[in-house]
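Reviewing the structure listed below.
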């Protein structure tokens with residue numbers, strides 16, 4: 003299996019996953035051109051994509067979905083509530099490229115089996131994904147205001163987990179956002195703080211997860227070093243050391259992550 007975060011942050015998100023002949027994007031929240039360029043930088047051709055998985059209908063996750071689907075004839079996979087929420091923003095779509103899945107029900111795209119699980123976000127029916135290529139699984143959970151027990155169980159035991167680490171609470175509190183927006187971000191249906199991400203990572207590493215990628219950092223309310231340090235501190239408290247017991251990376255907003263292959 004191959005994974006790379008192409009873009010990750012409050013301004014746009016797109017993750018690349020491949021197994022065998024199957025190539026997938028999880029979200030396409032930037033222009034089609036930017037996503038095409040990012041794929042080519044990791045020696046992947048957009049024309050070989052098998053489809054796009056959508057976590058939820060917010061613009062930073064769907065901006066390029068319609069364009070890429072039309073340009074390459076790509077099927078787009080989302081649950082019914084997400085489709086209803088994003089259909090008006092995608093432009094004209096071929097009926098054959100509108101693919102519905104049910105949350106918590108496994109389905110397959112080529113060589114990859116996928117299961118969507120609920121996340122806690124102020125969207126119609128936001129989800130994370132478990133992807134199984136037959137040689138070790140991975141999971142993705144961004145855009146969630148909290149980590150429920152069920153969500154943590156969905157994230158345990160994988161080879162790689164991409165987890166939101168959106169904001170530093172002190173930066174959010176003292177920053178320029180209006181109070182209602184601050185309340186939204188730190189609420190149970192908003193975004194995950196660095197501290198909660200760190201606590202969650204400890205549980206995941208204890209379950210055997212060896213690779214963690216922190217993702218979806220806020221441009222205004224976080225710095226990569228703060229996200230990394232918060233998780234590093236939590237890991238130290240539970241006796242784990244990044245670089246020894248796990249790999250820990252913070253996904254960049256406008257530059258790709260490391261390429262993970264297993």
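Residue numbers (our numbering): 3 to 264. Backbone N, C-alpha and C define an ideal beta-carbon position, used for all residues, glycine too.
Residue i: first and last residue of the uninterrupted alpha helix (DSSP H) it sits in
i           : result
residue 61  : 61-64
residue 181 : 181-188
residue 174 : 171-176
residue 67  : 67-74
residue 84  : 82-92
Distance, residue j Cα to residue i Cα
i           : j           : result
residue 51  : residue 76  : 7 Å
residue 245 : residue 260 : 14 Å
residue 173 : residue 225 : 10 Å
residue 103 : residue 116 : 10 Å
residue 217 : residue 253 : 5 Å
residue 83  : residue 55  : 14 Å
residue 72  : residue 14  : 20 Å
residue 236 : residue 197 : 8 Å
residue 43  : residue 36  : 11 Å
residue 207 : residue 251 : 14 Å
residue 107 : residue 101 : 14 Å
residue 233 : residue 93  : 40 Å
CB-CB length for residue i against residue j, believed under 8 Å
i           : j           : result
residue 153 : residue 119 : 7 Å
residue 19  : residue 53  : So it is not a contact: roughly 11 Å between Cβ atoms.
residue 68  : residue 95  : 7 Å
residue 41  : residue 21  : Going by Cβ atoms, the distance from residue 41 to residue 21 rounds to 16 Å, so no, they are not a contact pair.
residue 160 : residue 223 : Rounded, the Cβ-Cβ distance is 28 Å, inconsistent with contact.
residue 215 : residue 157 : 12 Å between Cβ atoms; not a contact.
residue 155 : residue 81  : No, residue 155 and residue 81 are not in contact; Cβ-Cβ is about 20 Å, not under 8 Å.
residue 130 : residue 114 : About 15 Å; that fails the 8 Å criterion.
residue 193 : residue 166 : 6 Å
Where residue i sits in the DSSP three-state scheme
i           : result
residue 42  : helix
residue 35  : helix
residue 204 : helix
residue 48  : helix
residue 16  : strand
residue 110 : strand
residue 195 : strand
residue 124 : coil
residue 97  : helix
residue 263 : strand
residue 244 : strand
residue 222 : coil
residue 143 : strand
residue 118 : strand
residue 103 : coil
residue 257 : coil
Bounding residues of the beta strand (DSSP E) (the contiguous stretch that carries residue i)
i           : result
residue 215 : 213-217
residue 233 : No beta strand (DSSP E) contains residue 233, which is instead part of the alpha helix (DSSP H) from 226-239.
residue 7   : 4-9
residue 157 : Element bounds for residue 157: not the beta strand (DSSP E) but the alpha helix (DSSP H), 151-157.
residue 285 : Residue 285 cannot be examined here, being either before or after the span of the chain that is shown, 3 to 264.
residue 249 : 249-252
residue 56  : No beta strand (DSSP E) holds residue 56; DSSP gives it neither H nor E.
residue 130 : 129-134
Closer than 8 Å: residue i CB and nearest the ligand ZN heavy atom
i           : result
residue 128 : Of the ligands one can find in the structure shown there are none, so the ligand ZN has no counterpart to examine.
Chain D contact for residue i (CB, 9 Å cutoff)
i           : result
residue 161 : Of the chains in the structure shown, none is chain D; there is only one protein chain.
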